[in-house]
Every structure is written in C-alpha cells, then in structure tokens.
Amino acid sequence: MEYEEHMRTLARDSRQKEWSKRKWTPSPALVGKGPQGMATKYKGQQYDPEQYELVHDGWDHDHCLFCWQSICDCGGENCTSIGFTDGDDWICESCHQRVIVEKKDPKTN
Ligand SMILES: [Zn+2]
C-alpha cells in the first residue's frame with residue numbers, strides 16, 4: 051500500500067515536469083575509488099578527487115521511474131534506448147503515455 055502511495059505521489063510530481071523524448075546517451079559519473087566503486091551521476095557537483103574519479107561515459111544506464119525498465123544504448127532485447135527525460139530522471143515510452151499523457155496511475159505490479 052505504501053508503495054502504491056509513493057508511486058502515485060511520484061506520478062503527480064512527474065506530471066508537473068517537462069518531459070522530452072530523447073535517445074538515451076551515457077553521461078559522466080563519479081566513480082568511487084574504493085573497492086565498492088559506487089557510481090553517482092555527475093551533475094557538476096563538488097567532489098573529492100582523492101575519493102572519486104570522474105568517468106566521462108561512466109553512467110551507462112538509467113531505469114524508468116515507474117516500471118524500472120532499463121533505458122540504455124546496449125542494444126539488449128530487454129532494454130530500450132528511447133525514453134523521456136526531464137534532464138535528470140528517465141521514464142519509458144509506455145509509462146510516459148500511461149502516467150503523463152493519460153494521467154493514469156502507474157502500474158504497480
Ligand atoms: Zn516504464
């Protein structure tokens with residue numbers, strides 16, 4: 051139930067944003083130099099070069115906000131390379147149609 055609430059809130063917030071259809075491309079990421087190597091999408095934030103390395107194409111996929119579909123350019127059959135973005139988050143074409151255009155609740159199954 052809480053999850054559905056969360057998704058409905060996310061849908062409402064997303065309808066306030068401008069989404070433009072784009073082909074997905076890799077973006078820079080900050081990759082931790084430790085053994086975990088955690089990556090964070092780089093948006094111009096300050097970082098400690100002792101701890102992080104800026105990798106030009108380091109962010110190699112995104113997920114649809116609503117259905118977690120992989121959005122990337124790997125060409126895999128479970129991935130899609132076209133989606134809608136607000137410049138930060140990504141949503142897939144079918145969720146954009148359903149949630150943003152038709153203003154329906156996101157699928158939660
Ligand atoms: Zn989706």
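Going letter by letter, the sequence shown gives residues 51 to 159 in the numbering used here. Beta carbons: idealized from backbone N, C-alpha and C, even for Gly. Please read all numbers here as calculations on a predicted model, not as lab measurements.
For residue 79, the closest C-alpha among the options 134, 108, 88 and 154 is that of 108. When rounded, the separation of the alpha-carbon atoms in residue 103 and residue 58 is 36 angstroms.
Residue pairing by DSSP puts residue 141 in a beta bridge opposite 134. In this structure, residue 134 has its CB at a distance of at least 7 angstroms from all heavy atoms of ligand 1. Out of 81, 83, 90 and 62, the CA that lies nearest to the CA of residue 138 is found in 90. Annotation: residue 63 is outside any beta strand (DSSP E); the continuous alpha helix (DSSP H) that includes it extends over 52-65. Closest in C-alpha terms to residue 100, from the list 144, 84 and 94, comes 84. Collapsing the DSSP output to three states places residue 106 in a strand.
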